[in-house]
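Data first, discussion second: the structure below is written as structure tokens.
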Amino acid sequence: MNEQTIAQAAVTSLRAEVLLAPKPGLVDPESNGAHRDMNVTTFEASIHALAPYFGQYLHAGLTAATVPQLYQQLRTIGVKAEKAMMIATVGVNTHRGANFSFGFLLGALGWLLQKQSLKQLVMHDFAPLFPAVAQIAQGVSGDFRELSEKNS
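Using the numbering used here, read the sequence shown as starting at -11 and increasing by one per residue.
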């Protein structure tokens, strides 16, 4: 399985989620749910905007030398991805959380693939993935501290 196939799986999952129906209160092909500012077309635009960044998250993990370096790379890519999403959706937050989560998941997967094969990870039900996400995401607390200090 190559980088493009893994990144495409993230895109496929976002598309499957929005097309799943019915989802009372949420956007699906049958209804906008409680949302007046978004619909399936908005989600499709968002997915299209985010898609190129999923491969970049994975590649960052595959090539980073250290966890702090990987965190900074993921952060940089994530900010660009979010801007692209917001432009594509004309300011509507359709996938901010998914972008954040996929950044860490794909980055951590790439990081682990430096040391073991995808087959090994599958055989262990991806057990090492979540501790790797936690390790990489430690940098987020520093970002929140800085944000808190700016807002004080």
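Virtual Cβ for every residue (Gly too), placed ideally from N, Cα, C.
Excluding its 5 nearest sequence neighbours in each direction, Leu8 has C-beta neighbours in its own chain below 7 angstroms: Asp16, listed in chain order. Taking C-beta atoms as the reference points, Ala120 and Trp99 count as a pair closer than 8 angstroms. In the displayed model, Ser19 falls within a strand according to three-state DSSP. Here DSSP, grouped into helix, strand and coil, assigns Gly130 to helix. Rounded to the nearest angstrom, the gap between the Cα atoms of Lys103 and Gly13 is 43 angstroms.
Boundaries cannot be given for His83, as no alpha helix (DSSP H) includes it and DSSP labels it neither H nor E. The segment 51 to 71 and the segment 18 to 28 do not touch, with fewer than 3 CB-CB distances between them shorter than 8 angstroms.
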